[in-house]
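For reference, the structure discussed in these notes is given below.
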Amino acid sequence: MKKQLLLLIIICFVFLVACMNEREEENAMTKETITAFGVTGNLRGGGLLVTNFRVKGKAKTGEQVELLTSEKYYNKKDEKIAPEDIEVGSKVEIKLWADYSIKETSPGQIEAHDIEKITVLN
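Residue numbers in the sequence shown follow our numbering, run continuously in steps of one, and reach 326 at the last position.
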């Protein structure tokens with residue numbers, strides 16, 4: 205009897221864990237993004253300074269942020285490019301996850317896990 209009860213508990217546990225993982229995968233696939241724009245400044249220790257940062261549909265403009273990623277850079281043809289290939293003064297489109305945050309530093313910082321993609325527009 206004890207073995208059957210233990211087996212039933214193990215099966216229930218495995219089923220619950222599998223359901224939780226499936227739900228997390230669904231959430232990751234349906235995660236919303238927000239579009240922001242800016243003008244590139246200098247590369248700074250693995251990050252890219254962006255001036256005149258503005259989120260599409262929000263009034264606040266002119267902010268400076270540092271994008272803390274050395275990856276996720278693309279050209280208009282959706283080809284991956286190196287951060288060193290981005291010229292100062294280039295316009296960029298930044299796709300951020302909807303739950304992104306900006307660290308309260310000077311300049312503000314956006315972590316790599318909050319960035320989906322950075323596209324150089326010119």
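Built from N, CA and C at the ideal position, the CB exists for glycine as well.
This one's a predicted model, so the numbers in the text were calculated from it and none came from an experiment.
Is it the case that the Cβ atoms of residue i and residue j are separated by a distance below 8 Å?
i	j	result
E297	L325	yes
K299	K280	no
D282	Y304	no
A240	V259	yes
Count the other C-beta atoms from every protein chain shown that fall within 10 angstroms of the C-beta of residue i, then say buried if there are 16 or more, exposed otherwise.
i	result
F219	exposed
I213	exposed
E270	buried
I314	buried
V292	exposed
L210	exposed
F257	buried
Can you tell me which of the three DSSP states residue i falls into?
i	result
E288	helix
L210	helix
I306	coil
L328	Any question about residue 328 goes unanswered here, given that the chain covers just 205 to 326.
Give the DSSP bridge partners of residue i, in chain order.
i	result
E267	F257
A316	Answer is none; A316 lacks a bridge partner.
K295	V243
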